[in-house]
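Notes follow the structure.
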Amino acid sequence: MEDALGSIEAPGLDLLGPMGPDIARLFTRPVSVLHRASELYTARVCLLLLLDLGWEARLRAGLALEEACSGLPDQARKPLAWMLPFLAAEGLLEQRGPDYLLRGEPDLDLAGLRAEVAREAPGHDVNFDLLDGVRARIRPFFTEGKPGEGLLFDLSLFPLWLSYFRNENLVYLPNNLLALLALRESLPEQARVLELGAGAGSFAQLVANQGAREGWLSKIAEYRFTDVAPTFLRRAQRELKAAAPGLPLAFQALDLNRPLAAQNIEPAGLDAIVGINVIHVAQNLQGTLRDLRSHLKPGGRLVMGECVKPALGQPLYLEFFFTFIRSFTDVELDEEWRPVHGFLTPEAWEKALRHAGFREVAFLPPPRPLMDRFPSFNASGITAWA
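Residue numbers (this note's numbering): 2 to 387.
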């Protein structure tokens, strides 16, 4: 199994920038093994899903995207346009021109990957349970045209999502931690902070716990927890005050794709707006970024924890879940400011943020040359100053 995982190495502190000692915990061997095993597991689940659909003979004959989409609901195109190149990049399919070809007997062992992670990074079965659950439930997306949201977030999978979106999950932690490190820098006294799409509340919990431990939690006068989903909002109102002690919480339903002023957020009134893997789903990214900037005080900051890609066309295994979700794929594209849906490169983010009027943009850790040497590193804490 070690051969399948390949070489596991960590970058030196020189590549991690001034906060290297704080960031180094994201590059331990357990984290690296978990990421690589999760990538392989995702690839194998993808191919198994295509085999579940009865496509083995088609893949062995060679299958182009157009042919794969024939007879399927229109919504199937974007997931397949991601899955086929991803499987080729992982060596499970061979690409010949426009065709994708299944050759020989690919390694589709899932139990071995689980066993390796149980040895190296115990406590992460839920990540694989979630992938298995998606595989088991997503077929009607292709065969019947059922919406992905209902299939992915049904009651049977919801507890797995809650377990996935927690700080103990070493796959999910990096975006939270990097955004937290960015937020705590230059945080003013009496700070008013708003979190967009706060979901299961893991970032708020990290702010409360680490902020108290390091002595800066008292700087926050108001922490406005917002989400568009009533389920997450109700759960946070019930449970978050106990899970995030000392954090001065307020709660509000808020839709990222509607003007904030129409949702009772006062202009130029916030010291920081935080979004963890949420702002990339803005339908009109430029319009949303400008709106967010207008609600920051002069010198206020937009702080994002985002998955980032080494190149726009490179599939990232973490995208698998989200290719079935309309809010992830159906966004307004612009050749200059929003060239693709989903996760972006650091360069694309900087270009979009500066075009929206932010005067300075910084990344934590510095993305290049780190991502060039370690292309599997896919997290960034991004700060943009109004």
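Heads up, the beta-carbon is just placed ideally off N, CA and C, and yes, glycines get one too.
Nonlocal neighbours in the same chain, by C-beta distance under 6 Å from Ser295, ignoring five residues either side: Taken in chain order, the residues that qualify are Pro268.
Every unbroken beta strand (DSSP E) inside the region 279-353 [3 residues or more]: Segments of the beta strand (DSSP E) lying fully in the region 279-353: 297-308.
Cut-off 7 Å between Cβ atoms - residues of its own chain near Phe323, not counting five sequence neighbours on either side: Only Phe329, Gly343 meet the Cβ criterion.
Residues bridged to Gly18 (per DSSP): According to the DSSP secondary-structure assignment, Gly18 is paired through a beta bridge with no residue.
Proximity winner among Arg30, Val304, Glu196, relative to Phe364 (alpha-carbon distances): Answer by Cα proximity: Val304.
Distance between beta carbons of Gly300 and Asn278, contact taken as under 8 Å: Incorrect: roughly 25 Å between the Cβ atoms, too far for contact.
With 16 other Cβ atoms within 10 Å as the buried cut-off, status of Arg97: Sixteen is the threshold: since fewer than 16 other Cβ atoms of the shown chains lie within 10 Å of the Cβ of Arg97, the residue is exposed.
Helix, strand or coil at Val153 according to DSSP, with G and I counted as helix: Per the sequence shown, residue 153 should be read as Leu rather than Val. DSSP places Leu153 in helix when its eight states are reduced to three.
Runs of alpha helix (DSSP H) wholly within the region 199-286 (minimum 4 residues, chain order): As far as the region 199-286 is concerned, its whole alpha helix (DSSP H) runs of at least 4 residues are 203-215, 231-244.
Cβ neighbours of Leu313 in the same chain (closer than 8 Å, five flanking residues each side left out): Listed in chain order, the non-local C-beta contacts of Leu313 below 8 Å within the same chain comprise Pro340, Val341, Leu345, Thr346, Ala349, local neighbours out to five positions each way being set aside.
Whole-angstrom C-beta distance between Leu94 and Tyr101, which should lie under 8 Å: Their Cβ separation, rounded to whole angstroms, is 5 Å, which keeps Tyr101 and Leu94 in contact under 8 Å.
Within the region 74-103, ranges of the alpha helix (DSSP H) (whole runs, at least 4 residues): Listed in chain order, they are 78-90.
contact_flag[the region 366-374, the region 9-22] where n(CB pairs < 8 Å) is 3 or more: In the pairwise beta carbon analysis, the region 366-374 is classified as touching the region 9-22: at least three pairs are separated by under 8 Å.
Residue(s) in a DSSP beta bridge with Leu195: According to DSSP, Leu195 shares a beta bridge with Arg225, Ile274.
Span of the alpha helix (DSSP H), counted from its first residue to its last, around Ser377: Here Ser377 belongs to no alpha helix (DSSP H), and DSSP marks it neither H nor E.
DSSP bridge partner residues for Val362 (one or two, in chain order): Beta-bridge partners assigned by DSSP to Val362: Ala385.
Segment contact, 8 Å Cβ cut-off, at least three pairs: the region 81-91 with the region 123-131: By the Cβ criterion, the region 81-91 is not in contact with the region 123-131, since fewer than three pairs of Cβ atoms, one from each stretch, lie closer than 8 Å.
Environment of Asp75 [buried if 16+ CB atoms lie within 10 Å]: Asp75 counts as exposed, since fewer than 16 other C-beta atoms from the protein chains shown sit within 10 angstroms of its C-beta.
Spatially closest choice to Asn285 from Asp256, Leu334, Ala262, Leu250, by CA coordinates: Ranking Asp256, Leu334, Ala262, Leu250 by Cα distance to Asn285 puts Leu334 first.
Where Glu150 falls, given that 16 or more other Cβ within 10 Å makes a residue buried: That one is exposed.
Leu290 and Ala357 closer than 7 Å at C-beta: Against a cut-off of 7 Å, the Cβ pair of Ala357 and Leu290 comes out as a contact.
Distance between beta carbons of Leu114 and Leu41, contact taken as under 8 Å: Leu41 to Leu114, Cβ: 6 Å. Contact.
Contact set for Thr29: own chain, Cβ-Cβ below 8 Å, skip 5 residues either direction: Cβ neighbours of Thr29 within its own chain (closer than 8 Å, five residues either side excluded): Ala11.
Span of the alpha helix (DSSP H) around His36: Where His36 is concerned, the enclosing alpha helix (DSSP H) stretches over 30-53.
Stretch-stretch touch, CB-based, cutoff 8 Å, three pairs: the region 183-200 with the region 139-148: Touching, no.
Euclidean distance between Cα positions of Gln264 and Ala254: Looking at the two C-alpha atoms, the distance is approximately 8 Å.
Three CB pairs or more closer than 8 Å across the region 169-181 and the region 199-210: Touching, per the Cβ criterion.
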